[in-house]
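So the protein lines, in turn, are chains Y, V and F.
Start counting at 1 in the first sequence, then tack on 188, and there's your number in the numbering used here.
Start counting at 1 in the second sequence, then tack on 188, and there's your number in the numbering used here.
Start counting at 1 in the third sequence, then tack on 188, and there's your number in the numbering used here.
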Amino acid sequence: MKKNSSNTMALTPTTSNKRETVCIFGTGDFGRALGHKLIQSGYPVVYGSRSTQISNLIPKDAEVLSHAEAAQKAAIIIIAIQRQHYNFLMPLAEVLHGKVLVDISNNLKLNQYPESNAEYLAQLLPGSKVVKAFNTVSAWALQSGTLDASRQVFVCGDDVQAKQMVMDIVRALGLTPLDKGSLLAAQEIENYPLQLFPMWRFPFFLSLGLTAFFFFYCLALDVIYTYIYENNNFSFFIAITIPNRVCPVMALILLALVYLPGIFAAIIQLYRGTKYRRFPNWLDKWMLCRKQLGLIALAFASLHAVFTLVFPLRAFVRWRISKGIISQALNNKTEPLDTTNAWISDSYLALGVLGYFLFVLLGITSLPSVSNNVNWREFRFVQSKLGYLSLIFCTAHTLVYGGKQFLSPSAYKWYLPNIYILSLIVPCAVLVVKFVLVFPCIDKPLTQIRQGWERNPKYSE
Amino acid sequence: MKKNSSNTMALTPTTSNKRETVCIFGTGDFGRALGHKLIQSGYPVVYGSRSTQISNLIPKDAEVLSHAEAAQKAAIIIIAIQRQHYNFLMPLAEVLHGKVLVDISNNLKLNQYPESNAEYLAQLLPGSKVVKAFNTVSAWALQSGTLDASRQVFVCGDDVQAKQMVMDIVRALGLTPLDKGSLLAAQEIENYPLQLFPMWRFPFFLSLGLTAFFFFYCLALDVIYTYIYENNNFSFFIAITIPNRVCPVMALILLALVYLPGIFAAIIQLYRGTKYRRFPNWLDKWMLCRKQLGLIALAFASLHAVFTLVFPLRAFVRWRISKGIISQALNNKTEPLDTTNAWISDSYLALGVLGYFLFVLLGITSLPSVSNNVNWREFRFVQSKLGYLSLIFCTAHTLVYGGKQFLSPSAYKWYLPNIYILSLIVPCAVLVVKFVLVFPCIDKPLTQIRQGWERNPKYSE
Amino acid sequence: MKKNSSNTMALTPTTSNKRETVCIFGTGDFGRALGHKLIQSGYPVVYGSRSTQISNLIPKDAEVLSHAEAAQKAAIIIIAIQRQHYNFLMPLAEVLHGKVLVDISNNLKLNQYPESNAEYLAQLLPGSKVVKAFNTVSAWALQSGTLDASRQVFVCGDDVQAKQMVMDIVRALGLTPLDKGSLLAAQEIENYPLQLFPMWRFPFFLSLGLTAFFFFYCLALDVIYTYIYENNNFSFFIAITIPNRVCPVMALILLALVYLPGIFAAIIQLYRGTKYRRFPNWLDKWMLCRKQLGLIALAFASLHAVFTLVFPLRAFVRWRISKGIISQALNNKTEPLDTTNAWISDSYLALGVLGYFLFVLLGITSLPSVSNNVNWREFRFVQSKLGYLSLIFCTAHTLVYGGKQFLSPSAYKWYLPNIYILSLIVPCAVLVVKFVLVFPCIDKPLTQIRQGWERNPKYSE
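Following this line, the structure appears as structure tokens:
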């Protein structure tokens, strides 16, 4: 990548470099990094700066001139200065008239100013064509060349040709431009790098709340109850036993919550007899965060799997097992194999393993690069068919876990059910309703509605 | 993203929107979703509709006109109506002459009609330039903006300029156009969204068949034989024990089948003395589904790993262990540590862990986004060198598992070998032949052949 | 994809194929594969060959002419012949004058020739416009259509328009062109397909060296010491016990080495009072291979997890457990539950599980397709916040593992500490310094420096 001046002699003169000059206002971090990259890609670069004293940080092959001189040399000017200094550009309005100004600025907070920086710039210099771009790319990424984070550059602007010119530069730098429309989108684009997983917020807080609830529920039943009534100090259950009760419960409930909005949508469409009316807002939002809910469920399921596999290594479990064996040995007897018990234990484990296996498959297909390589029918097949199969396996796993003790009164401490019973409510409801919905007499009208048929066409207008 | 009309006043008049108008015939789901997206990206949109009554579902900024009026306003007309209504377009032939018609239709079944919808449209309106596009994108994906499934838009058409215009629109919507050539490719493109994992079909049915065979083989030997001759009811083996015998066997055989076609290809090339002749058809097909075979093998290996780790949690295993301990305790003796046994047990486990570890590495590098970031030499290194190393470890794991009991007659119930012995045939054959092929005296001519050298040049013409 | 001639009759005459003809010199593997692909994408293809006898391997729709005749028919000529035959092109200099020559050649070794093949070609034919492209794509990938490896085509050249023409062809073939600048970049592009994980080299050898050291350290303490002083043959520890000591130690040290350069960078910036001076070279290099270090650490952590979970299956572990139980049974006593022990055991396992869980999350977000979908703030949040949390959990896991025996003299065989004590040095140092750095009185100036503030502005010029 480095230009070795010794062997360039023969070649550089023949270079018919027809790329248009790019001007950069501002010699800060990003201005310099972008200049470097532009020069590498064959663009002549000229910097506009207050002091034309050449810093050793500015790329060697770039010119440094005053703002006005630099602006005259190029059709595209990249404004690499901060919003609060934009009014310095006012005196240059004449030079900048008709030029393409690329606003690359970012704010420190979401919605810091009433209008976006790019719109503010466009208002200051109404004669110039303002394009928003590059604000999501970091100087570090440009410099190091290792674009680990996104290669996407969101571009917006009111002038289509100006936008096209900027998008050509973006492509020449090896990045992917994404046209977001008119300059009105600048607000959204400027907010983008300040966002912290906006789609994950609701699923995250929902699972945090539910986890806290179930954790204290278990704490009461397993530690406090035992301490009060049986005088056993099982406080160490906090480390593994209780998390391993909460995790599967959360995984099952969240997985069911992924499929619940689809059930609601089907019922609403059947009731209305049309698909041409918007779903209630809450349902729309819920449907858009199903992927996030599913991935959090997968995280809980994974934790449950590892916590379970770790059981035989626990001092407590080893102590309990050896206690059982010693008491048998001291009583001079060996219990025969209880085949029913073996069946329950094995099928419970096998159902869990298969359910988790399908769940991981679902997770893998939701990786962007994998889902990019399947068509819609395949994506729906995996997410719907395999998803329901996984839900069935996981629900069965929990039901078999309950096994014989489901209705035994000893399972109800303080008249409260064990949490695995609570966790079964939503998934069982989803599976029962889904089972009803796949009956031909209900599935047929639903399919018709989804293909555009309407019971009462007046609804739609 | 939403246009807030209150603060647009200052800006919209200055917008020099040079994007050409797009016309959409049909106001169904997809037509509306596409219109919304086009307007967002700065295209003026005009709908052609039978009734010009404006539905509240149509994007606000779009015009709705009669078909003929709408078509006159645009150079590109997106035909968002179903194939069976295409003949309604016949009277408009004159207006549509020379225009670009974008066929976005899909069928309900593979090869439903003798010719593709796009070719049918081109035959109906020979004066128009038909381009096939957008049929793989779903209305839901366009609306929600969350393009979880593919961003790829396959485009084909006979007129290169018309295709270019459509591809520019595709890019402006933030999607990736993929030129598939002339309109003859429309059949393939129309079949694409109806396909369900075509590359996976053969590997899937192959593994299903083999799995069924090995399952019943194990059932006979482990459950039925034990029931008849030893009068033990081990029916619960169906849940975990037998799956955990079938899974490793399947994983090993399928992994070997990934490398077998490469062996065949090398032998064929050595025999023919040239690489310029096509392989037999079955070998070509086999080579193209190696990735799928490998991933199914990885799935079986993962199931085997989890089933094995779950062993200490099984009621049966706990019963068997405690029975052993109690009988020792009752006999008042402690067995000394059998070092050989410890060696076999530990190396068997270690080989399995390492083999599985390399196998997972192979799986990760076959993720599209990872393999996109490696060059061919690196890809081949991982898939070939690491792959063979994984095969060697897994085969050794199985051999050590057999351990001392390999030739003991008690291992042969009904004179049938245990299935792990069956599973060793293909991998051992592959490894032995590969071992021969890497000898310099054979590797050298093979490398020459692969670099283009021919023993009998007459073959190639 | 295959052209079925039976139903093309009606359509082919209407094809207004305006794509420019492409000429290919050379009918070798790559020339043929590229020709096939070009014809599929609608380009007329003409081959230049010494013998115009038509081989059955050359695509049917292509013409085969002499070199001079073929070159006259096209503006773009793809040179699919090897560098050593380039001088054959000298007599054609006149015909090739002004044409775009695409050099697609590769060498067999890194830096085989003083100048790159493309530069050599440009020197031979100074009147032609040489563009380097396609050398990273394999003939097999083009033929099979399954572009498992990279879709990226690196392009470089001195003539911007010529480069643009080639990049249009690349896009038409469904590949992604990446402009690497002038022809000087050809050397780098030609070396690219010959590289074998250059970024992984240092992390790989570092971990290999450390692993070897820790392995022999453990071998001495656990096997040789025991053999000499306790006369026990624990040689089978080589298979699982020792790897399971080395893996966690390596994982922890490498994870700490991921965060150490950031600490150094912060201290250097604080000391210098500016960010506008380059870091020392070793620090720059170290920072660029942090991702690789982290992924190798994750691999070690995964091996540690699996080796640990496999413990209850080991013959040695089963023997030790049953020995303990039998001795208790023979002594007629049952030990009560040691709550402290249960706490240590459970929290040690729980910390490990959580640390590993976060570590896997880090690994998933470093997948190219996932990191492409997050913005910089999210990426930094995951890689920095979650990363440190994972480091804290893993360090705590190791500290609790030490537990009560930390300072017991019996833990020091040959006066050497157990390796888990060695492994704690780097992570503890990193965490302590980081803890100091997040204090407001230090964090505030550091943040200012990183936003561009300078203590002694003279430094920067």
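We treat Cβ as the ideally placed atom computed from N, Cα and C, and that holds for glycine.
Excluding its 5 nearest sequence neighbours in each direction, L546 (chain F) has C-beta neighbours in its own chain below 7 Å: L574, L577, S578, F581, listed in chain order. For V624 (chain Y), there is no enclosing beta strand (DSSP E); the residue is part of the alpha helix (DSSP H) that begins and ends at 613 to 625. The Cβ-Cβ distance between L289 (chain V) and V318 (chain V) falls below 9 Å. In the three-state reduction of the DSSP assignment, G236 (chain Y) falls in the strand class, which pools E and B.
The Cβ atoms of S554 (chain V) and Q571 (chain V) lie closer than 9 Å to each other. Contact fails between the region 358 to 366 of chain V and the region 380 to 388 of chain V, because fewer than three Cβ pairs, one in each stretch, are under 8 Å apart. Contact between the region 449 to 461 of chain V and the region 530 to 548 of chain V is not established, with fewer than three Cβ pairs separated by less than 8 Å. Nearest Cα to A256 (chain F) within the set F:F218, F:Y231, F:H285: F:H285. Within the same chain, no Cβ atom closer than 6 Å to the Cβ of A427 (chain F) is found once the five residues on either side in sequence are excluded.
Setting aside the 5 residues that flank it on each side, V618 (chain F) is surrounded in the same chain by A444, Y447, L448, I451, L579, each with a C-beta closer than 8 Å to its C-beta; the list follows chain order. For Y544 (chain V), a Cβ of chain F is located within less than 9 Å of the residue's own Cβ.
Counting C-beta atoms within 10 angstroms of its own C-beta, A281 (chain V) has fewer than 16 neighbours from the protein chains shown and is therefore classed as exposed. Taking a beta-carbon distance threshold of 9 Å, A427 (chain Y) does not count as an interface residue toward chain V. With a cutoff of 9 Å on beta-carbon distance, L442 (chain F) and A493 (chain F) are scored as not near each other. Looking at F:I552, F:F425, F:Q375, the one whose alpha-carbon comes closest to that of Q300 (chain F) is F:Q375. No Cβ-Cβ contact shorter than 9 Å links I509 (chain Y) with S490 (chain V). Bounds of the alpha helix (DSSP H) holding K473 (chain Y) are 469 to 476. In this structure, C211 (chain Y) and G230 (chain Y) do not form a Cβ contact; the two beta carbons are roughly 16 Å apart against a cut-off of 8 Å. For A584 (chain Y), no chain V residue has a C-beta closer than 7 Å to its own C-beta; the minimum C-beta separation is roughly 12 Å. In terms of beta-carbon proximity, E523 (chain V) lines the interface with chain F, with at least one pair separated by less than 9 Å. Three or more beta-carbon pairs separated by less than 8 Å are not found between the region 400 to 416 of chain F and the region 494 to 506 of chain F, which leaves the two stretches without contact. Under the 10 Å beta carbon count, T528 (chain Y) is surrounded by fewer than 16 other beta carbons and is classified as exposed.
Exposure of S254 (chain Y) is indicated by the presence of fewer than 16 other C-beta atoms within 10 angstroms of its C-beta.
Using a 10 angstroms sphere on the CB of K287 (chain F), the tally of other CB atoms reaches 16 or more, which defines it as buried. The continuous stretches of alpha helix (DSSP H) do not include G230 (chain Y), and DSSP gives it neither H nor E. Distance between W564 (chain Y) and L634 (chain Y), taken at the CA atoms: about 19 Å. Taken through DSSP and simplified to helix, strand or coil, F392 (chain V) comes out as helix. A straight-line Cα-Cα distance of about 15 Å links F390 (chain F) and M438 (chain F). Here N606 (chain V) is near G590 (chain V), since their CB atoms are less than 9 Å apart. Around the beta carbon of K297 (chain F), a 10 Å sphere encloses fewer than 16 other beta carbons of the protein chains shown; the residue is thus reported as exposed. Listed in chain order, the beta strand (DSSP E) elements of length 3 or more contained wholly in the region 250 to 311 of chain Y are 251 to 253, 264 to 267, 288 to 291. The beta carbon of K511 (chain V) falls within 9 Å of a beta carbon belonging to chain Y, placing the residue at that interface. Identification of residues in the region 208 to 241 of chain F having a C-beta nearer than 8 Å to some C-beta of chain V yields G216, D217, Q228, S229, G230, Q241, given in sequence order. Put simply, the CB of V541 (chain F) is near chain Y, with a gap under 9 Å to one of its CB atoms.
Across the region 626 to 638 of chain V, no CB contact with chain F closer than 9 Å is found for any residue.
V348 (chain F) and R207 (chain Y) have their C-alpha atoms some 7 Å from each other.
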